[in-house]
Each structure stands twice: as structure tokens, then as C-alpha cells.
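J.: Have a look at the structure that comes next, please.
There are 2 protein chains.
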Amino acid sequence: MSKVVFRKIERKDLEQVFTLLNQLKQIDISSIDKDEAWNNFKENTGSNSIVGIYKRKVVAYGSVVIENKVRGEVAGHIEDIVVDSDVRGKLIGVSLIKELIKVAKIKGCYRITLFCKEKLVNFYARNGFEVNSVVMKKYL
Amino acid sequence: MSKVVFRKIERKDLEQVFTLLNQLKQIDISSIDKDEAWNNFKENTGSNSIVGIYKRKVVAYGSVVIENKVRGEVAGHIEDIVVDSDVRGKLIGVSLIKELIKVAKIKGCYRITLFCKEKLVNFYARNGFEVNSVVMKKYL
Numbered sequence: 271m272s273k274v275v276f277r278k279i280e281r282k283d284l285e286q287v288f289t290l291l292n293q294l295k296q297i298d299i300s301s302i303d304k305d306e307a308w309n310n311f312k313e314n315t316g317s318n319s320i321v322g323i324y325k326r327k328v329v330a331y332g333s334v335v336i337e338n339k340v341r342g343e344v345a346g347h348i349e350d351i352v353v354d355s356d357v358r359g360k361l362i363g364v365s366l367i368k369e370l371i372k373v374a375k376i377k378g379c380y381r382i383t384l385f386c387k388e389k390l391v392n393f394y395a396r397n398g399f400e401v402n403s404v405v406m407k408k409y410l
Numbered sequence: 271m272s273k274v275v276f277r278k279i280e281r282k283d284l285e286q287v288f289t290l291l292n293q294l295k296q297i298d299i300s301s302i303d304k305d306e307a308w309n310n311f312k313e314n315t316g317s318n319s320i321v322g323i324y325k326r327k328v329v330a331y332g333s334v335v336i337e338n339k340v341r342g343e344v345a346g347h348i349e350d351i352v353v354d355s356d357v358r359g360k361l362i363g364v365s366l367i368k369e370l371i372k373v374a375k376i377k378g379c380y381r382i383t384l385f386c387k388e389k390l391v392n393f394y395a396r397n398g399f400e401v402n403s404v405v406m407k408k409y410l
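First to last, the protein sequences are chains A and B.
Letter by letter, the first sequence follows residues 271 to 410 in this note's numbering.
Letter by letter, the second sequence follows residues 271 to 410 in this note's numbering.
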């Protein structure tokens with residue numbers, strides 16, 4: 271297959287990214303105020319989110335949340351990794367993780383974390399991650 | 271004991287917060303450029319970090335990292351929870367978590383997550399958190 275090209279997300283990608291993320295978690299896309307979502311996102315997380323383009327289509331999305339700690343350390347956290355189900359099994363996920371690690375390095379992160387289900391531990395372990403602790407969640 | 275008072279972190283708390291965080295993870299505090307650390311922190315994470323004051327001393331610290339997702343959702347992540355070892359066992363940790371949940375609600379978070387070691391799962395479960403997935407970490 272031709273190569274997937276990764277780049278920063280742009281406003282024009284929103285529709286396709288929304289649809290792609292519905293493969294991860296289904297929400298009612300039509301109810302989203304795109305301008306408001308984009309403005310809030312751009313200021314905070316946006317500059318650290320990337321898309322993967324294949325045949326002019328967004329087939330991958332992922333984000334790094336940057337945390338400036340009080341003692342000056344910078345930590346990165348990978349969120350919302352998704353690869354289009356039509357193109358899975360072609361190592362696009364591996365390339366996406368590598369791109370996000372690059373972003374985290376540029377931002378000066380000393381470490382990067384991610385949450386995953388048990389079944390994905392081997393995938394991330396092959397990409398240099400080690401199991402560290404437990405994620406606990408509370409819905410508000 | 272008298273009540274611990276929680277409030278937003280201020281620049282003047284830095285020295286005490288640094289020392290307190292050394293109970294969690296020891297780093298060489300003297301090498302930190304305080305102004306630079308404070309400026310980077312304030313812009314990004316700072317407005318969501320709180321201290322607990324007891325007898326005019328900072329005895330607790332915790333932070334909520336706010337993530338604006340591309341589809342408009344807001345997620346919160348608790349980081350760097352520490353209670354002074356001199357005053358542990360007095361439920362200050364419970365109050366701290368409650369304060370951070372309040373911050374996350376004010377910021378519009380739909381959920382809040384945290385990483386913890388297995389031995390702390392029961393503590394957080396008593397505070398409404400459920401085990402969700404695995405944390406994987408990579409040092410850069």
C-alpha cells in the first residue's frame with residue numbers, strides 16, 4: 271500500500287475525524303458545535319493532535335495531552351488512538367504511535383503514558399511501553 | 271485536628287509544594303528555575319492545582335489536568351496527589367480528592383481518571399472510582 275502521511279490536524283479534517291472517532295466511541299456528531307469544539311480544542315490539546323492521511327482520506331487520529339508540572343517537568347499522555355477499520359492490520363497504528371512519541375519529544379516530555387485494555391498490552395509493549403499501574407475512572 | 275483549608279496554588283506556595291512533592295518523587299529542587307517552572311505551569315495546568323493548608327503549612331497538593339477533546343468533550347485527569355507524611359491517616363487525602371472532583375466538575379469534565387498502584391485501588395474505590403484499564407509508560 272502507499273504510505274500514510276501524518277500531519278497536524280486542521281479545521282478542515284473535523285468531519286472525517288469525528289466519523290473516525292465514532293469507531294472508538296459512538297456519539298451523536300450532528301449535535302456538536304464544531305466552531306466551539308475546535309476553538310476550545312485548538313487552544314488546549316489541538317497543537318498536539320495528528321491525523322494520518324491515506325488516499326486523501328483521514329484514516330488515523332491520535333493526540334498527546336501535554337502536562338506542565340509544578341516543578342517544571344513536562345509529561346505527555348496519549349489519548350484517542352484510532353485507525354480506520356478498513357485499513358487495520360497494516361501497521362498504521364505503530365506509525366501513529368511513533369509520530370506521537372516524536373511530538374512528545376519535541377514538547378520536552380520526560381515520559382509518555384497511555385491507558386489501554388489488557389488485550390492491547392502486547393501491542394504497546396512491542397512499541398516500548400511497560401505496564402506501570404492501574405487506571406481508575408469516575409463519571410461525573 | 272483543626273480543619274485543612276483547600277485553595278488554588280499560588281506562587282508563594284512553590285517552595286513548600288516542591289518539598290512536599292519530594293515525598294512522592296525525589297528530585298533536586300535547587301536546580302529548578304522557579305520562575306520558568308511557574309510560568310509554564312500556570313499557563314497550562316496551574317489553575318487546576320490546589321493546596322491544602324493546615325497550621326499555615328502546605329500539607330497537601332493535587333492537580334487536575336484538563337483535556338479538551340476534538341469533539342468538544344472535556345476530560346479530567348488527577349495527577350501528583352500528595353499528603354504530608356506527618357499528617358497522614360486523617361482523611362486529608364479524601365478531602366483533597368473531593369476538592370479536585372469539584373474543580374473537574376466546574377471545568378465541565380464528563381469523567382475523571384487517575385493512575386494508581388494496586389495497593390491504592392481500595393482507597394480510590396471508596397471515593398467512587400472504578401478500575402478501568404491499564405497504564406503503560408515509556409520514558410523518553
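Glycine included, each C-beta is placed from N, C-alpha and C at the ideal position.
1) Could you have a look at A:Gly363 and say whether DSSP puts it in helix, strand or coil?
2) Could you check where the beta strand (DSSP E) with A:Asn402 kicks off and where it finishes?
3) Mind checking who B:Val353 pairs with in its DSSP beta bridge?
4) I want to see whether chain B comes within less than 7 Å of A:Ile382, judged by CB atoms only; does it?
5) Does A:Glu369 get closer than 7 Å to chain B when you measure Cβ to Cβ?
6) Can you tell me whether DSSP reads A:Val373 as helix, strand or coil?
7) Please look up how many angstroms separate the CB atoms of A:Gly322 and A:Leu366, rounded, as I've assumed it's under 8 Å.
8) CB-CB under 6 Å to A:His347, same chain, minus the five flanking residues each way: which ones, in chain order?
9) Using a Cβ cut-off of 7 Å (strictly closer), state whether A:Gly398 contacts chain B.
10) Output needed in chain order: residues of the segment 316-346 of chain A with a Cβ under 9 Å from some Cβ in chain B.
11) Just to confirm before moving on: does the CB-CB distance between A:Ile302 and B:Arg381 stay below 7 Å?
12) Cβ closer than 7 Å: which chain A residues qualify as neighbours of B:Glu285?
13) Using the Cβ count rule (16 or more neighbours within 10 Å means buried), how would you classify A:Ser319?
14) What does the alpha-carbon distance come out to for the pair B:Asn392 and B:Ile351?
15) Between which two residues does the alpha helix (DSSP H) holding A:Val390 run?
16) Could you spell out the range, first to last residue, of the beta strand (DSSP E) harbouring B:Val274?
17) Quick one: what does DSSP say B:Thr315 is sitting in, helix, strand or coil?
18) Using only CA atoms, which one of B:Leu410, B:Lys387, B:Gly398 and B:Asp298 lies nearest to B:Val364?
19) Is DSSP giving B:Ile348 helix, strand or coil here?
20) Could you name the residues that DSSP lists as bridge partners for A:Val340?
21) Please report how far the alpha carbon of A:Val395 lies from the alpha carbon of A:Glu388, in whole angstroms.
22) Which same chain residues, not among the five before or five after B:Val287, have their C-beta less than 7 Å away from its C-beta?
T.: Based on what the coordinates show:
1) helix
2) Glu400 to Tyr409
3) B:Ala330
4) yes
5) no
6) helix
7) 6 Å
8) Val335 and Thr383
9) yes
10) Gly316, Ser319, Tyr331, Ser333, Val335, Ile336, Glu337, Asn338, Lys339, Val340, Arg341, Gly342, Glu343, Val344, Ala345 and Gly346
11) no
12) Residues of chain A passing the Cβ test: none, with the nearest at roughly 11 Å.
13) buried
14) 16 Å
15) Inspection of the sequence shows that residue 390 of chain A is occupied by Leu rather than by Val. It is not in any alpha helix (DSSP H) - A:Leu390 carries neither H nor E in the DSSP assignment.
16) Per DSSP, B:Val274 belongs to no beta strand (DSSP E) and is neither H nor E.
17) coil
18) B:Gly398
19) strand
20) Note: A:Val340 sits in no beta bridge, so no partner.
21) Looking at the sequence provided, one finds Ala at residue 395 of chain A rather than Val. Looking at the two C-alpha atoms, the distance is approximately 11 Å.
22) Ile279, Val321, Val328 and Tyr331
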